[in-house]
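Working notes, structure below.
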Amino acid sequence: MIEKLLHITMINGAIALVLCVWILAVYGYGLMALKLACKRYAIFGSLLGDSLALASLLGFIAGGFMLMFFVCVWHLFFPLWGWVSVAVALLGLGLFAWLGREFISREVGIAAGLGLLVLLPLSAMSDSVGDSVNYHIQIVAWIQESPLVFGLGNVHTRLGYNGLIYGFYALTDVSQMIPSLRSFVGNEVMYFSFLFSAFLAFMRLLQSRDPRFYELFIICALLPFPLILKWGEFMGLYVEGVGVVFGVAIFAALLYIMDSALGNHSSDFVDFRATADHQSSSAPKSTKSTTSNTAIPRILEKDNQGGFEKSASSSLRDTAQAVAWQSIKESAQVDSRSDYPASAEFVDRRAGTTALARDDRKNAASKKVDSRDNTATPLFALLFLFALFATMVKIANFALILAVIISFVLVYKSQILSKKFLLGLLGLGALSAILVLPWVLKGLASSGMIAYPASIGYITSLPWAVSEEMRQNEVCWIMSWARAPMKNCREVLADSAWMVEWFGMKTRYFSYFKYFVYSFFMGLGFVLASRLYTRRRISGFGVVLGCIAIGVVYWFFAGPDPRFGMVYLIPLLAVLFGYIVMQAYKARSWWLAFAFVLACVPMFMNGRYAFVIVWAVLLVGLMWQRLGTRWLVGGFVLASLISVPNLYRHDKWAILEYPKVREVYVQKRVSDLGVLEYVRFDTPNDNTQAILYEARPMTPYFNQNLGKGEFWGREMFYTQEPKP
1 MIEKLLHITM INGAIALVLC VWILAVYGYG LMALKLACKR YAIFGSLLGD
51 SLALASLLGF IAGGFMLMFF VCVWHLFFPL WGWVSVAVAL LGLGLFAWLG
101 REFISREVGI AAGLGLLVLL PLSAMSDSVG DSVNYHIQIV AWIQESPLVF
151 GLGNVHTRLG YNGLIYGFYA LTDVSQMIPS LRSFVGNEVM YFSFLFSAFL
201 AFMRLLQSRD PRFYELFIIC ALLPFPLILK WGEFMGLYVE GVGVVFGVAI
251 FAALLYIMDS ALGNHSSDFV DFRATADHQS SSAPKSTKST TSNTAIPRIL
301 EKDNQGGFEK SASSSLRDTA QAVAWQSIKE SAQVDSRSDY PASAEFVDRR
351 AGTTALARDD RKNAASKKVD SRDNTATPLF ALLFLFALFA TMVKIANFAL
401 ILAVIISFVL VYKSQILSKK FLLGLLGLGA LSAILVLPWV LKGLASSGMI
451 AYPASIGYIT SLPWAVSEEM RQNEVCWIMS WARAPMKNCR EVLADSAWMV
501 EWFGMKTRYF SYFKYFVYSF FMGLGFVLAS RLYTRRRISG FGVVLGCIAI
551 GVVYWFFAGP DPRFGMVYLI PLLAVLFGYI VMQAYKARSW WLAFAFVLAC
601 VPMFMNGRYA FVIVWAVLLV GLMWQRLGTR WLVGGFVLAS LISVPNLYRH
651 DKWAILEYPK VREVYVQKRV SDLGVLEYVR FDTPNDNTQA ILYEARPMTP
701 YFNQNLGKGE FWGREMFYTQ EPKP
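For the sequence shown, full-length UniProt numbering gives the first residue as 1, with consecutive numbering after it.
In structure tokens:
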């Protein structure tokens with residue numbers, strides 16, 4: 001028994017090590033992208049100074065998308081050999097060692113530790129869950145063992161092999177580094193970015209007692225998010241949880257932009273400009289002043305004001321980059337050397353700075369529009385690319401693109417038709433076309449259409465194109481499964497009778513989704529009550545709530561399976577929860593604080609995971625000024641250490657399971673055209689054999705018309721129409 005436990009411990013330890021390697025590697029690529037962005041655009045320097053939590057989340061996603069794009073291009077020509085994964089990971093580790101040390105602090109260490117506390121048990125659990133057995137792991141196997149094969153949609157159907165996330169799963173597969181151990185940690189890598197940012201934002205709030213709505217939004221998304229990690233329908237190689245990470249990051253960044261554009265952010269572009277001007281005219285010059293948090297956006301912003309010579313502008317950008325990163329480094333060093341600062345002094349100093357900015361804005365109202373002219377456009381462009389990549393991960397994420405476009409139009413509606421903006425939009429369109437091209441080519445090569453089974457770019461003349469009949473059957477099956485599972489798809493889609501059962505919460509997935517519904521209505525009611533009680537407006541809330549609502553409507557009509565809508569549903573709860581907490585802080589109302597905790601209770605009832613109530617109570621407990629910062633931070637860490645393992649209280653055997661990817665039971669059958677097919681079964685029988693996952697035509701149902709040939713020297717699978 002002891003020997004077996006030691007063996008499992010070594011296996012899980014190896015998985016944890018590979019997980020940590022990939023987390024650091026992706027952060028390395030993300031920090032490189034962030035540094036380049038800070039060198040060129042002021043908004044990213046502002047973002048670093050305002051919120052390391054949000055900046056690190058966006059940087060990580062940038063690094064992740066860089067790797068997904070790389071694998072997508074690589075797989076067009078070559079298999080994803082193990083040494084490629086090792087080389088990519090080593091390069092990322094090198095970048096992190098070069099850039100990441102400037103961000104290391106006690107707070108960063110605590111946030112990272114808590115994030116790993118949540119994820120390490122999840123990474124040790126089996127990846128062979130539900131639908132992963134049928135399709136997802138096979139996609140990864142083909143990417144690792146073979147270059148692009150034409151017509152794979154005729155073999156496995158339903159899933160397009162051009163989904164970017166599958167390349168990331170293949171890249172981060174543990175067996176790429178340890179051939180004898182197969183386990184998938186790609187989802188956990190992406191989940192860590194969100195958990196780390198949420199805990200980091202929580203730590204900042206514990207120390208400063210100064211809530212920012214976009215950070216409260218990230219923190220409040222933490223309450224329902226770990227729940228989806230535990231539902232059986234989300235475990236395995238599923239992208240819904242990753243979609244939530246994209247959604248939270250994009251909506252949080254939109255809240256940041258809206259808050260800044262409307263002049264309500266305490267260290268935004270407008271406030272900062274006035275504050276910095278006042279301080280520069282009244283305070284003595286000092287080398288230390290240029291490395292303060294508020295100096296970062298001031299220096300970077302000069303780069304976009306024009307009126308300088310080319311050489312001076314280049315020199316200024318270099319100086320801005322150095323100052324921004326040096327400021328982060330020195331802040332981290334100060335945090336790691338000193339005790340937690342007195343929160344009251346911090347808030348008073350910040351309030352004084354905000355008051356100075358507000359007075360200067362009143363005296364210079366005519367300059368307000370000019371000061372934010374084009375400031376946020378680089379961040380909008382980045383968010384658009386993120387939304388585009390998220391759509392290439394899963395089509396259900398398409399409404400993220402709409403959210404970015406709507407927010408952009410609202411902020412720049414008076415300038416959007418100017419020549420400068422139109423040229424910028426054309427440039428962004430050209431860049432988007434280049435980034436989308438490998439995904440488009442891979443979709444056409446696998447099924448004859450860009451995003452199977454959607455008929456976008458459907459070229460029926462391609463010899464491997466999936467037939468229209470098969471495509472319609474897949475669409476029918478997917479759409480009906482989301483509305484009324486296990487029923488005849490044509491009968492379900494023939495009328496709206498399914499809505500009676502759906503709104504009655506009688507379908508199988510409402511066993512967990514009903515708690516989201518309860519929290520939504522409670523949260524919405526408390527939002528209305530808090531608005532009437534405080535009479536205060538929170539900038540950006542209405543716009544972002546409207547964008548999320550559009551996403552929810554899109555999800556409902558496209559396919560109302562809660563799994564597909566989590567990219568919008570969890571941000572929906574987060575923005576409602578965050579609004580209530582923000583109003584409670586501003587009004588110092590314990591009634592609103594209690595209302596927030598009450599709205600979170602359904603999330604607790606969904607599995608009775610203690611961390612939901614613990615984090616909710618801690619979040620509003622900050623309003624009690626008698627609690628010292630040191631006690632709050634210590635209590636937060638201790639409570640998390642106690643409550644988070646509660647998430648896995650029923651999974652001790654799943655964590656001890658080995659191998660992490662189970663064998664599959666298949667029966668060999670030959671099609672009418674001589675193609676050997678492996679028909680998969682859930683349980684073994686006299687005609688099946690157990691095999692491991694390899695790149696082979698494996699399918700849950702036999703296709704007697706499947707044929708195999710060659711195209712441009714590559715394998716090609718096609719379906720011959722049955723003879724009359």
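Glycine is no exception: its CB is placed at the ideal position from the N, C-alpha and C atoms.
Option nearest residue i by Cα separation, candidates the options
i           : options                           : result
LEU152      : TYR512, GLY448 and VAL108         : GLY448
LEU58       : PHE70, VAL492 and ILE43           : ILE43
residue 730 : LEU223, LYS420 and VAL242         : Shown here, the chain extends from 1 to 724; a query on residue 730 therefore has no answer.
LEU388      : VAL436, TYR256 and MET486         : VAL436
LYS35       : ILE550, VAL71 and PHE96           : PHE96
THR683      : ARG662, PHE503 and ILE219         : ARG662
MET470      : VAL118, LEU706 and GLY109         : LEU706
TYR256      : THR375, MET716, GLU3 and MET1     : THR375
TRP83       : ILE178, GLY49 and PRO121          : ILE178
LEU205      : PRO700, TYR718 and PHE636         : PHE636
SER123      : LEU229, TRP142 and PHE196         : LEU229
PHE553      : ILE655, LEU402, PHE594 and PHE510 : Reading the sequence as shown, one finds Val at residue 553 and not Phe. Of ILE655, LEU402, PHE594 and PHE510, the residue nearest in Cα terms is LEU402.
Three-state secondary structure assigned by DSSP to residue i
i      : result
PHE78  : coil
PHE184 : coil
THR699 : strand
LEU237 : coil
VAL679 : strand
PRO453 : coil
GLY674 : coil
TYR509 : coil
PRO378 : helix
LYS413 : coil
THR172 : helix
ASN488 : coil
MET499 : helix
PRO684 : coil
ILE165 : helix
SER446 : helix
LYS420 : helix
THR9   : helix
LEU462 : coil
Per DSSP, the bridge partner or partners of residue i
i      : result
GLY578 : Paired residue(s): none; GLY578 is not in a bridge.
GLY429 : Per DSSP, none; premise fails for GLY429.
LYS708 : PHE717
GLN689 : VAL666
PHE150 : MET716
Contact set for residue i: own chain, Cβ-Cβ below 6 Å, skip 5 residues either direction
i      : result
PRO697 : VAL155 and GLU677
ILE395 : ALA451
GLY63  : VAL26, TYR29 and GLY30
SER282 : Only weak support exists for where SER282 lies, its pLDDT of 43 falling under 50; the value from the coordinates is given anyway. No residues qualify anywhere along the chain.
SER85  : LEU171 and GLN176
PRO602 : TYR515, TYR518 and SER519
PHE78  : PRO147
ALA37  : PHE44
PRO453 : ARG471, GLU474 and VAL475
ALA198 : ILE218, ILE219 and LEU222
Contact set for residue i: own chain, Cβ-Cβ below 8 Å, skip 5 residues either direction
i           : result
ASN687      : GLN667
ALA599      : SER519, MET522, GLY523, PHE526, LEU576, PHE577 and ILE580
VAL597      : ILE613, ALA616, VAL617 and VAL620
GLY163      : ILE139, VAL239, MET392, VAL393 and LYS394
residue 740 : Summary: the structure shown does not reach residue 740, with the chain confined to residues 1 through 724, and so no result is reported for it.
LEU673      : ASN705, LEU706, GLY707, LYS708 and GLN720
LEU117      : SER640, LEU641, VAL644 and PRO645
Other residues of its chain near residue i: CB distance less than 7 Å, five sequence neighbours each side excluded
i      : result
ILE11  : LEU181 and TYR658
ALA445 : LEU148 and PHE150
LYS586 : THR534 and ARG536
GLY713 : none
ALA16  : LEU120 and SER123
- prompt: Quick one: complete alpha helix (DSSP H) runs, 4+ long, within the region 522-563?
  reply: 541-558
message: I'd like the ranges of any alpha helix (DSSP H) spanning at least 4 consecutive residues and lying wholly in the region 592-669.
response: 610-621, 629-643 and 652-656
query: In chain order, which beta strand (DSSP E) runs of at least 3 residues are fully inside the region 198-248?
result: none
- prompt: Which runs of the alpha helix (DSSP H) fall wholly inside the region 93-143 and span at least 4 residues, in chain order?
  reply: Every unbroken stretch of the alpha helix (DSSP H) spanning 4 or more residues and falling wholly within the region 93-143 is given here in chain order: 106-123.
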